[in-house]
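These notes concern the structure reproduced below.
Numbering (my numbering), first residue to last: 202 to 385.
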């Protein structure tokens with residue numbers, strides 16, 4: 202079971218943007234059809250009518266603004282982490298792989314380096330795409346004339362920001378954990 206989970210995780214880390222798009226389409230579909238889905242589960246009609254996935258225009262402006270700022274900040278944070286990793290790697294190359302004195306040096310000089318850089322690079326790209334997309338919808342919110350649709354876009358964006366952040370943190374903690382295990 203653990204091997205299957207590791208293979209799924211490896212596949213997800215190699216194709217994160219594609220899989221996030223698939224999940225976003227699925228989430229958008231679920232949010233668009235939430236009333237009929239709940240009705241199929243025989244949930245009270247009064248409860249279904251009270252459910253509204255529409256935020257006010259002012260709230261949406263605040264949400265979009267916060268999400269854009271969050272995406273830009275996270276992209277900057279990951280870019281800083283990526284810069285540190287690349288700098289650390291260049292120092293290791295100068296020393297040589299055989300002189301690696303700890304697990305971190307060994308990881309960053311071995312086959313995992315490209316995977317680590319790829320995860321961080323794709324996270325930065327995803328954050329920038331989300332920020333640009335949200336900015337586009339925020340600018341042209343009056344044209345879309347549907348707060349419900351914009352609310353669903355905000356939910357999907359929050360999902361993407363969360364998964365991208367989680368991927369980056371998972372890789373960071375994996376690196377730190379390998380260093381901790383090496384010291385034992």
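Here a beta-carbon is modelled for each residue, glycine too, at the ideal position from N, C-alpha and C.
Since the model is a prediction, treat every value here as computed from it, not as a measurement.
Tell me the rounded alpha-carbon separation between residue i and residue j.
{"i": "residue 282", "j": "residue 237", "result": "44 Å"}
{"i": "residue 217", "j": "residue 344", "result": "31 Å"}
{"i": "residue 361", "j": "residue 265", "result": "14 Å"}
{"i": "residue 346", "j": "residue 359", "result": "21 Å"}
{"i": "residue 205", "j": "residue 212", "result": "11 Å"}
{"i": "residue 334", "j": "residue 288", "result": "32 Å"}
{"i": "residue 219", "j": "residue 292", "result": "34 Å"}
{"i": "residue 290", "j": "residue 233", "result": "46 Å"}
{"i": "residue 330", "j": "residue 202", "result": "35 Å"}
{"i": "residue 377", "j": "residue 225", "result": "30 Å"}
{"i": "residue 208", "j": "residue 367", "result": "18 Å"}
{"i": "residue 284", "j": "residue 318", "result": "10 Å"}
{"i": "residue 235", "j": "residue 259", "result": "24 Å"}
{"i": "residue 270", "j": "residue 365", "result": "15 Å"}
{"i": "residue 371", "j": "residue 210", "result": "11 Å"}
Which one of the options has the shortest CA to CA distance from residue i?
{"i": "residue 278", "options": "316, 205, 212, 373", "result": "373"}
{"i": "residue 313", "options": "379, 234, 222, 276", "result": "379"}
{"i": "residue 363", "options": "210, 324, 266", "result": "324"}
{"i": "residue 223", "options": "357, 367, 348", "result": "357"}
{"i": "residue 255", "options": "375, 376, 349", "result": "349"}
{"i": "residue 322", "options": "225, 276, 259", "result": "276"}
{"i": "residue 173", "options": "375, 233, 234", "result": "Limits of the chain in this structure are 202 at one end and 385 at the other, which puts residue 173 out of reach."}
{"i": "residue 340", "options": "366, 263, 318, 203", "result": "263"}
{"i": "residue 280", "options": "371, 326, 377", "result": "326"}
Would you mind giving the Cβ-Cβ distance between residue i and residue j, rounded to the nearest angstrom? I have them listed as a contact below 8 Å.
{"i": "residue 272", "j": "residue 337", "result": "Their Cβ separation, rounded to whole angstroms, is 13 Å, which puts residue 272 and residue 337 out of contact at 8 Å."}
{"i": "residue 309", "j": "residue 286", "result": "6 Å"}
{"i": "residue 342", "j": "residue 261", "result": "7 Å"}
{"i": "residue 369", "j": "residue 320", "result": "7 Å"}
Count the other CB atoms within 10 Å of the CB of residue i; is the residue buried (16 or more) or exposed (fewer)?
{"i": "residue 257", "result": "exposed"}
{"i": "residue 221", "result": "buried"}
{"i": "residue 332", "result": "buried"}
Residue i: beta carbon under 7 Å from a heavy atom of the ligand MG?
{"i": "residue 373", "result": "The ligand MG is not among the ligands present in this structure, which contains no ligands whatsoever."}
Exercise for the section: Specify whether the region 221 to 233 and the region 347 to 362 touch according to this definition: at least 3 beta carbon pairs, one from each stretch, less than 8 Å apart. Expected result: yes
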